[in-house]
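Q:
Number of protein chains: 2
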Amino acid sequence: MSTVPASARDRLVAAAFDLFDVRGFDETTVDDIARAAGVGRTTFFRHFGSKEAVIFPEHDELLARIAARLDAGDADSRDSAVTEAARLVLRYYVGEGDRARIRYRLISSVPVLKTREIASIRQYQSLFARALSGWTADDPDAVLRAELLASAIVTAHNHVLRRWLRGEVDDPEDAFGHAMSVVLEPVTQAGGETTVVVVRTGAAPDQVAAAVQRALRSS
Amino acid sequence: MSTVPASARDRLVAAAFDLFDVRGFDETTVDDIARAAGVGRTTFFRHFGSKEAVIFPEHDELLARIAARLDAGDADSRDSAVTEAARLVLRYYVGEGDRARIRYRLISSVPVLKTREIASIRQYQSLFARALSGWTADDPDAVLRAELLASAIVTAHNHVLRRWLRGEVDDPEDAFGHAMSVVLEPVTQAGGETTVVVVRTGAAPDQVAAAVQRALRSS
DNA sequence: GGCGAGTACGGTACTGAGTACCAATCCTTT
DNA sequence: AAAGGATTGGTACTCAGTACCGTACTCGCC
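Note that the protein sequences, when read in sequence, are chains A and B. Heads up, the first sequence is in the UniProt record's numbering, so the first residue is 1 and it goes up one at a time. Heads up, the second sequence is in the UniProt record's numbering, so the first residue is 1 and it goes up one at a time.
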């Protein structure tokens, strides 16, 4: 009855978080984790490609969920599509609770885990960039703008998530909404703001405006 | 006379790039590199912390240069400071020539190297974020805005660098200037303020536009 | 029930990265 | 010439990750 019915994979994850938390990442061997989970060392590597990967057990599935959400969007629903897709990630980590906090502590102190996390984040960013790149069109800088927006979304997400993990924010969903408004404010208002150049020459005003516009596009 | 006078460190880097390029990263052991450089295996690990690190030999020094350039800037010279700091990185890699191209091929095909590169990029980003965070003040979202701008700068840099590495761009400096104008265009227009430029000279409109363009390139 | 097929598991053996330690050599300083 | 610090090479060790093999369990199917 004390034998947990959880799958070997789940037991490995639980044992890994436990051991990493109390003993430290470097001081814990894969053998230790496998033994604590009551399985062989081979089984560990069958479920996780590396010792670090066990810290991000659902990463691949999350990636797939994000990709699916982005695929469901289109150019018109762009802002809400990316916001909701990023919110999926935020909700997942917030829903993890203590496990997310332990991961945060580990990542903050173990360089190899920080590297791994950064690489994971980059995968999300690539998903967003690809989706955005497919939506924005007929702009010579479309790819660059897509990458910029993708990096901004991911940065906003991580900013809010880290603040929540540090206990600096109570309602992460709300904070993320605000952060996204900061991200999208220049995008949505683009072209709405006016830069006026007053020239006292005899040139026609619209000629001057056209020149400034060209300059701002700086092509 | 065929014995190169280069330092052991330089010989290790050259041997590593050679072997990785022709034989592949995974198929090359540290022993191979050390033997090709005419030194012991221990010496390799004395100069580079890991097998991957030899691909980014000057990374730490570059980081220090960026930090120094950012430290030399202040809130007023913000745009030019970050632009010039990023340009230092761009110039370094462009100046490397073939070595940068070999690295790009390796990174594109070897996952562990891609991870390493992403982590390196993140270090630059952190430098920018910290500098920007110190400059922008009295804004409740100051940290977020600093992180957003830092990620945008790094994204713009990488966008241009990768395009140059793929041969899609001839003049990377010029392309980067343009990319930075795209990055800074929403920032400079932030707040919906209207910038009025009154020119009392008899200059032609396109001369004025040219002056604005130069100012936007901020270098 | 029996039975092959596919699957999850455990064990063993191996390669190679990274670390610790020790001895030798070189180079500087006095 | 002697002492002392720094760079190097060699050896031995731990452990992550891979390959391979034999075994147990399960699920249809006859």
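Virtual Cβ for every residue (Gly too), placed ideally from N, Cα, C.
1. Please return the same chain residues whose Cβ sits closer than 7 Å to the Cβ of residue 19 (chain A), not counting the five positions on each side in sequence.
2. Should residue 38 (chain B) be labelled buried (16 or more other beta-carbon atoms within 10 Å of its own) or exposed?
3. Determine whether the beta carbon atoms of residue 90 (chain A) and residue 178 (chain A) lie at a separation below 8 Å.
4. Which chain A residues sit within Cβ distance under 8 Å of residue 119 (chain B)?
5. For residue 15 (chain A), report the span of its alpha helix (DSSP H) as first-last.
6. Here's the rule: buried if 16 or more other CB atoms are within 10 angstroms of the residue's CB, otherwise exposed. What is residue 73 (chain A)?
7. Check each candidate in B:176, B:86 and B:14 and name the one with the smallest Cα separation from residue 123 (chain B).
8. Residue 111 (chain B) lies in the alpha helix (DSSP H); which residues open and close that run?
9. Just to confirm my understanding: we take residue 220 (chain B), look at its own chain, exclude 5 residues before and 5 after, and list those with CB closer than 6 Å. What are they?
10. Of all the CB atoms in chain B, is at least one closer than 8 Å to the CB of residue 226 (chain A)?
11. On a Cα-Cα basis, can you pick out the residue from A:68, A:52 and A:41 that is closest to residue 107 (chain A)?
12. Pull up the distance between the alpha-carbon of residue 136 (chain B) and that of residue 92 (chain A), whole angstroms please.
13. Would residue 218 (chain A) count as contacting chain B if we go by Cβ distances under 8 Å?
14. For residue 79 (chain A), which of helix, strand or coil comes out of DSSP?
15. Which one of A:83, A:113, A:43 and A:45 has the shortest CA to CA distance from residue 131 (chain A)?
16. CB residue 129 (chain A) to CB residue 150 (chain A), shorter than 8 Å?
17. Please report how far the alpha carbon of residue 9 (chain B) lies from the alpha carbon of residue 44 (chain B), in whole angstroms.
18. I'd like to know whether the C-beta of residue 141 (chain B) is nearer than 8 Å to at least one C-beta of chain A.
19. Please compile the residues from chain B whose C-beta is within a distance smaller than 8 Å of the C-beta of residue 151 (chain A).
20. Using the beta-carbon of each residue, which ones in chain B are nearer than 7 Å to residue 59 (chain A)?
21. Residue 147 (chain A) versus chain B: which residues are under 7 Å apart at the beta carbon?
22. Evaluate residue 79 (chain B) with the Cβ neighbour count: other Cβ atoms within 10 Å of its Cβ, from every protein chain shown; 16 or more gives buried, anything less gives exposed.
23. Quick one: grab the DSSP three-state call for residue 57 (chain A).
24. Pick helix, strand or coil for residue 48 (chain A), following the three-state DSSP scheme.
A: Taking the structure as given:
1. Position 19 of the first sequence, counting from 1, holds the residue named residue 19 (chain A). So the list reads 28, 32, 33 and 36, once near-sequence residues are dropped.
2. Taking the first residue of the second sequence as 1, we reach residue 38 (chain B) at position 38. The residue in question, residue 38 (chain B), is exposed, as its Cβ has fewer than 16 Cβ neighbours within 10 Å.
3. As a working note, residue 90 (chain A) is residue 90 in the first sequence. As a working note, residue 178 (chain A) is residue 178 in the first sequence. Contact: no.
4. Here residue 119 (chain B) corresponds to residue number 119 of the second sequence, with the count starting at 1. Near residue 119 (chain B) (Cβ distances below 8 Å), the residues of chain A are 114, 115, 118 and 119.
5. Taking the first sequence and counting its residues from 1, one reaches residue 15 (chain A) at position 15. Element bounds for residue 15 (chain A): 8 to 23.
6. Here residue 73 (chain A) is taken as the residue at index 73 of the first sequence, counted from 1. Residue 73 (chain A) is buried by the Cβ-count criterion.
7. Working through the second sequence from its first residue, we reach residue 123 (chain B) at position 123. Of the listed residues, the one whose Cα sits closest to residue 123 (chain B) is B:86.
8. Position 111 of the second sequence, counted from the start, is the residue given in the question as residue 111 (chain B). Residues 111 to 135.
9. This structure leaves residue 220 (chain B) out entirely; chain B is present only between 1 and 219.
10. Nothing about residue 226 (chain A) can be reported from this structure: the residues present for chain A run from 1 to 219 only.
11. Taking the first sequence and counting its residues from 1, the one referred to as residue 107 (chain A) is at position 107. Answer by Cα proximity: A:52.
12. Translated into the one-based positions of the second sequence, residue 136 (chain B) becomes position 136. Translated into the one-based positions of the first sequence, residue 92 (chain A) becomes position 92. The alpha-carbon atoms of residue 136 (chain B) and residue 92 (chain A) are separated by roughly 32 Å.
13. For the purposes of this step, residue 218 (chain A) is taken as the residue at position 218 of the first sequence. In this prediction, residue 218 (chain A) scores a pLDDT of 45, lower than 50, which makes its location untrustworthy; the coordinate-derived value is nonetheless stated afterwards. Judged by the 8 Å Cβ criterion, residue 218 (chain A) is in contact with chain B.
14. Here residue 79 (chain A) refers to the residue found at position 79 of the first sequence. It is helical.
15. On the first sequence, residue 131 (chain A) is found 131 positions in, with the first residue counted as 1. When only C-alpha atoms are compared, the closest one is A:83.
16. By one-based count along the first sequence, residue 129 (chain A) stands at place 129. By one-based count along the first sequence, residue 150 (chain A) stands at place 150. Closer than 8 Å, so yes.
17. Indexing the second sequence from 1 puts residue 9 (chain B) at position 9. Indexing the second sequence from 1 puts residue 44 (chain B) at position 44. Using only the alpha carbons, I get a separation of about 8 Å.
18. For the purposes of this step, residue 141 (chain B) is taken as residue 141 along the second sequence, with counting starting at 1. Output row for residue 141 (chain B): interface = yes.
19. The sequence position of residue 151 (chain A) within the first sequence is 151, counting from 1. Those are 151, 152, 154 and 155, listed as they occur along chain B.
20. In the first sequence, residue 59 (chain A) corresponds to position 59, counting from 1. Ordered by position in chain B, no residue passes the 7 Å Cβ test against residue 59 (chain A), which lies about 13 Å from the chain.
21. Working through the first sequence from its first residue, we reach residue 147 (chain A) at position 147. Ordered by position in chain B, the residues that pass the 7 Å Cβ test against residue 147 (chain A) are 155 and 159.
22. The count along the second sequence starts at 1 and reaches residue 79 (chain B) at position 79. Residue 79 (chain B) is buried by the Cβ-count criterion.
23. In the first sequence, residue 57 (chain A) corresponds to position 57, counting from 1. Looking at residue 57 (chain A) - three-state DSSP - the assignment turns out to be coil, as it is neither helix nor strand.
24. Along the first sequence, one-based indexing puts residue 48 (chain A) at 48. Coil.
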